[in-house]
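Worksheet: one structure, shown below.
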Amino acid sequence: MIIQALNINHDYNGDIALKNINLQIKKGEFISLIGESGSGKTTLLSILSTLLKPRSGELNFEESNYADITNIDKFRQKNIGFIFQFHYLINYLNNFENIKLANEAASNHEIEYLLDLLDIKNLAKKFPNEISGGQRQRVAIARALINTPKVLFADEPTGNLDSKNAKKVFELFRKLSNEGMTIVVATHNKELAKTADKIYEVKDGQLA
């Protein structure tokens, strides 16, 4: 088991966001979290990815308990990739440099491979404000993959993509999962969610 969440609860100033969440994710599984806006799926994704500490409950990553991790930044860099709904690219760096910044030890070949995989190799020297929103999101996906994380988390990663490119992204997730990477995606698109091994619906802060 690569991730184990036990009795996870969270609230925002008393407003309950998650209630008694129990979830186990195996290595190499592709998981989709679906739910309406405000259902709690983004909060759950943030907790599972260690970006947010739950009010109560226990989170285990392989043999490590979240509470026992002393250097969380180093832990994330080694184990976790995250694709945000908004790309958060740095506008004064070109796309190649944005990816390189996430892993300065990465070779040019490794970056070029990801750019080619995501069909944006011709955009390497362009800047984020010179390309479309969908293209920026694909650069952000490459940035998340450059560390070869054990687990890739994605929050509405296809929100800025057309249906053709959205399908390509989920096909890429499927490929990465088949190669052993664990994928956890929050999406409102139920059709794309079917690409995953398992689908969990988050409803009113609980797993339905």
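Residues 1 to 208, numbered by full-length UniProt numbering, are exactly what the sequence shown covers, in order. In this text, a Cβ means the ideal position worked out from N, Cα and C, and glycines have one as well.
With contacts defined by Cβ atoms closer than 8 Å, residue 208 and residue 32 do not form a contacting pair.
Counting along the chain, the unbroken beta strand (DSSP E) around residue 201 starts and ends at 198 to 203. By the criterion of a C-beta distance shorter than 6 Å, residue 16 is surrounded in its chain by 205, once the five residues flanking it on both sides are discounted.
Under the 10 Å beta carbon count, residue 67 is surrounded by fewer than 16 other beta carbons and is classified as exposed.
In the DSSP assignment, residue 43 falls within the alpha helix (DSSP H) that extends over 41 to 48. CA-to-CA, the gap between residue 147 and residue 56 works out to about 30 Å. Close CB contacts of residue 180 within its chain, under the 8 Å cut and outside five residues either way in sequence, are with 27 and 28 (chain order). Taking every protein chain shown into account, the CB of residue 111 has 16 or more other CB atoms within 10 angstroms, so this residue is buried. For residue 19, the CB contacts under 7 Å within the same chain, skipping 5 residues up- and downstream, are 9, 205 and 206 in chain order. In this structure, 46 is the residue among 77, 101, 46 and 7 with its C-alpha nearest to the C-alpha of residue 85.
Here DSSP, grouped into helix, strand and coil, assigns residue 127 to coil.
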